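If you read the sequence shown in the numbering used here, its first letter stands for residue 7, the second for the next number, and so on.
Virtual Cβ for every residue (Gly too), placed ideally from N, Cα, C.
All of these numbers come straight from a predicted model, not from anything done at the bench.
Accompanying notes for the structure given below.
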Amino acid sequence: MSAFAQNYWYVAAWSKEVGRTLLSRTICGEPVVLYRSRDGQPVALADRCVHRRYPLSLGRLTDDSIECGYHGFVFDCSGTCTFVPGQDRVPRTARVPRYQLVERDKWIWIWIGDPSEADPRLVPDAHWLDDPAWASVEDMAHSPFRHSLLVDNLMDLSHETYLHADLIGTPEVARTPFTTRVDDERDQVTFSRHMEAVACPPFYEKTTGYTTPIDRWQDVFFQPPAFWVNNVRVAPHGTPVGPRGDEGGAHVKIVHGLTPETENSTWDFWAVVRDFALDDDGVSQALLTMNREVVQQDLDALTVLEQVVAGEPAGTQELSVAIDAGGLAAREMIRRISR
7 MSAFAQNYWY VAAWSKEVGR TLLSRTICGE PVVLYRSRDG QPVALADRCV
57 HRRYPLSLGR LTDDSIECGY HGFVFDCSGT CTFVPGQDRV PRTARVPRYQ
107 LVERDKWIWI WIGDPSEADP RLVPDAHWLD DPAWASVEDM AHSPFRHSLL
157 VDNLMDLSHE TYLHADLIGT PEVARTPFTT RVDDERDQVT FSRHMEAVAC
207 PPFYEKTTGY TTPIDRWQDV FFQPPAFWVN NVRVAPHGTP VGPRGDEGGA
257 HVKIVHGLTP ETENSTWDFW AVVRDFALDD DGVSQALLTM NREVVQQDLD
307 ALTVLEQVVA GEPAGTQELS VAIDAGGLAA REMIRRISR
């Protein structure tokens, strides 16, 4: 079984990260160099020269080709070597893999697996990131822990009550039952927690202006192995959902692209999008600042947990309870699609 699910789309970068400068990034254990060709198209090649394995990202971009910084081999956008120093003939095998990319919704998605299986229609839908009906704040975190720990964290939001009590967690999150659904045919796991007449945490009080009590919904969608969305509704307690939509509530989508770097590190591309106060820079800055703090709290905790797990003997058992239903379902689905 592969350490990673191969034939799936992963977020490789934010679109704004990739330009006419060589960007090195490891995706699912594979070293990749990203850049844009002169016509603006993103390109991803294996970040190793075929000659002596020197990283191409340490070379020089000339027009649309990379010149290796060690011995000067040149590779075009397709990964084909077009120049070898000291000889006229270029060996037929002198080429590096090119990875298929899809640029959509401010993200550049990469296909690490079998190129013949890469279907752009399978790229997860994150259109809110680039939809004028929504406002978005975005960032990323390099996380020194395994992908599975971050999935576990996001699939059990009861930890908000304890780890994020000063920002987004309230006692009701951990106390409120939730429902979990597994769709093996579509490779999706969802869970929902709807809370009524509960405390309004600072994350929403400072940005919506709502005060306690509120009704708060968490409807989470996870498409293993790499795409997670928490669809949040907050509204003053008792605000009905109207027949034509939910004009009385505020809606937030917390979005994560979860990309393994190595077996013990992960790229976390995240965004917070909203359908209210679209032009309010103060709200944007508040959400950006608070979610960075939330992500940092998770990062601190999971970094400790990575060290604990890495040091345990093989076969160490853990205890799972009702709150782990979503996480256990996600684990099993990732195991299945990684075979």
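Under a three-way DSSP split, which group does M7 fall into? Here residue 7 refers to the residue found at position 1 of the sequence shown. For M7, the predicted structure reports a pLDDT of 45, less than 50, and the residue's modelled location is therefore unreliable. A value from the coordinates is still provided. It is coil, neither helix nor strand.
Three or more C-beta pairs closer than 8 Å, one from the stretch 94-112 and one from the stretch 124-144: is that the case here? Yes: at least three Cβ pairs fall under 8 Å.
Anyone know if the C-beta pair for V235 and V258 falls short of 8 Å? Here the question's residue 235 lines up with position 229 in the sequence shown. Here the question's residue 258 lines up with position 252 in the sequence shown. Going by C-beta atoms, V235 is not nearer than 8 Å to V258.
What three-state label does DSSP hand K153 in the structure shown? Taking the first residue of the sequence shown as position 1, residue 153 is located at position 147. For the record, residue 153 in the displayed sequence is His; it is not Lys. In the structure shown, H153 sits in a helix (DSSP, three-state: H, G or I).
From L40 to A328, what distance separates their C-alpha atoms? Translated into positions along the sequence shown, residue 40 becomes position 34. Translated into positions along the sequence shown, residue 328 becomes position 322. Pairing L40 with A328, the inter-Cα distance amounts to about 43 Å.
So, is Q93 buried or exposed, given that buried needs 16 or more other C-beta atoms within 10 angstroms? On the sequence shown, residue 93 is found 87 positions in, with the first residue counted as 1. Around the beta-carbon of Q93, fewer than 16 other beta-carbon atoms lie within 10 Å, marking it exposed.
Alpha-carbon to alpha-carbon, L173 and P208: Residue mapping note: residue 208 aligns to position 202 of the sequence shown, counting from 1. Residue mapping note: residue 173 aligns to position 167 of the sequence shown, counting from 1. Spanning the two alpha carbons is a distance of roughly 5 Å.
Hey, which unbroken runs of the alpha helix (DSSP H) at 4 residues or more fall wholly within the stretch 115-163? Counting whole runs of 4 or more residues, the stretch 115-163 contains the alpha helix (DSSP H) stretches 153-161.
On the three-state DSSP scale, how would you describe N236? Locating residue 236 in the sequence shown gives position 230, where the first residue counts as 1. The answer is strand: DSSP assigns N236 an E or B state.
Per DSSP, what are the beta-bridge partners of Q47 in this structure? For the purposes of this step, residue 47 is taken as residue 41 along the sequence shown, with counting starting at 1. BP columns for Q47 are empty, so no partner.
Any idea what DSSP makes of E253, helix, strand or coil? Position 247 of the sequence shown, counting from 1, holds the residue named residue 253. If DSSP states are grouped into helix, strand and coil, E253 belongs with coil.
Can you give me the Cβ contacts of V24 inside the same chain, cut-off strictly under 7 Å, excluding the 5 residues immediately before and after it? Reading the sequence shown from its first residue, position 18 is the one you call residue 24. Its chain contains L40, Y41, R42, P48, I114 as the residues whose beta carbon lies nearer than 7 Å to that of V24, once the 5 sequence neighbours on both sides are disregarded; these appear in chain order.
Would you list the one or two residues that DSSP bridges to S353? With the chain represented from 7 up to 345, any question about residue 353 goes unanswered, as that position is not in the structure.
Compare the C-alpha of V301 against each of G288, D286, V314, A277 and name the closest. Position 295 of the sequence shown, counted from the start, is the residue given in the question as residue 301. With distances taken between Cα atoms, V301 lies closest to A277.
L67 to F79, Cα distance in whole Å? Within the sequence shown, the letter at position 61 stands for residue 67. Within the sequence shown, the letter at position 73 stands for residue 79. For L67 and F79, the distance between alpha carbons rounds to 12 Å.
Spell out a yes or no on whether the stretch 286-297 and the stretch 198-212 are touching, meaning 3 or more CB-CB pairs, one atom from each, closer than 8 Å. Look at the beta carbons and you see the stretch 286-297 touching the stretch 198-212: at least three pairs across the two are nearer than 8 Å.
Whole-number beta carbon distance between W134 and V279, since they are thought to touch under 8 Å: By one-based count along the sequence shown, residue 279 stands at place 273. By one-based count along the sequence shown, residue 134 stands at place 128. With a contact defined as Cβ atoms closer than 8 Å, V279 and W134 qualify at about 4 Å.
Secondary structure of T213, DSSP reduced to three states: In the sequence shown, residue 213 corresponds to position 207, counting from 1. If DSSP states are grouped into helix, strand and coil, T213 belongs with the helices.
In this structure, how does DSSP classify H14 when only helix, strand and coil are distinguished? As a working mapping, residue 14 is identified with position 8 in the sequence shown. Reading off the sequence, residue 14 comes out as Tyr, not His. In the structure shown, Y14 sits in coil (DSSP, three-state: anything other than H, G, I, E or B).
Nearest residue (CA-CA) to Y60, options P37, G46, D69, A292: Numbered from its first residue, the sequence shown carries residue 60 at position 54. Comparing Cα-Cα distances from Y60 to each of P37, G46, D69, A292, the minimum goes to P37.
If you draw a straight line from the alpha carbon of V129 to that of I340, how long is it in whole angstroms? For the purposes of this step, residue 129 is taken as residue 123 along the sequence shown, with counting starting at 1. For the purposes of this step, residue 340 is taken as residue 334 along the sequence shown, with counting starting at 1. The alpha-carbon of V129 is positioned some 17 Å away from that of I340.
Would A180 and T167 qualify as a contact pair, given that the criterion is a beta-carbon distance under 8 Å? Here the question's residue 180 lines up with position 174 in the sequence shown. Here the question's residue 167 lines up with position 161 in the sequence shown. By the CB criterion at 8 Å, A180 and T167 fall inside the cutoff.
In the DSSP assignment, what residue or residues form a beta bridge with R187? In the sequence shown, the residue the question calls residue 187 occupies position 181. DSSP output for R187 lists T196 as bridge partner(s).
Would DSSP call I329 helix, strand or coil? The residue labelled residue 329 in the question sits at position 323 within the sequence shown. I329: helix per DSSP, three-state reduction.
Straight-line gap, M7 to Y216 (C-alpha atoms, nearest Å): Residue mapping note: residue 7 aligns to position 1 of the sequence shown, counting from 1. Residue mapping note: residue 216 aligns to position 210 of the sequence shown, counting from 1. Low confidence applies here, because M7 scores a pLDDT of 45, under 50, leaving its location unreliable; read the following figure in that light. In a straight line, the C-alpha of M7 is about 49 Å away from that of Y216.
Residue ranges of each beta strand (DSSP E) within the stretch 83-114, 3 or longer: Here the runs fully enclosed are 87-89, 106-110.
So with Cβ pairs under 8 Å, would you call A256 a contact of chain D? You won't find chain D in this structure, because it holds only one protein chain.
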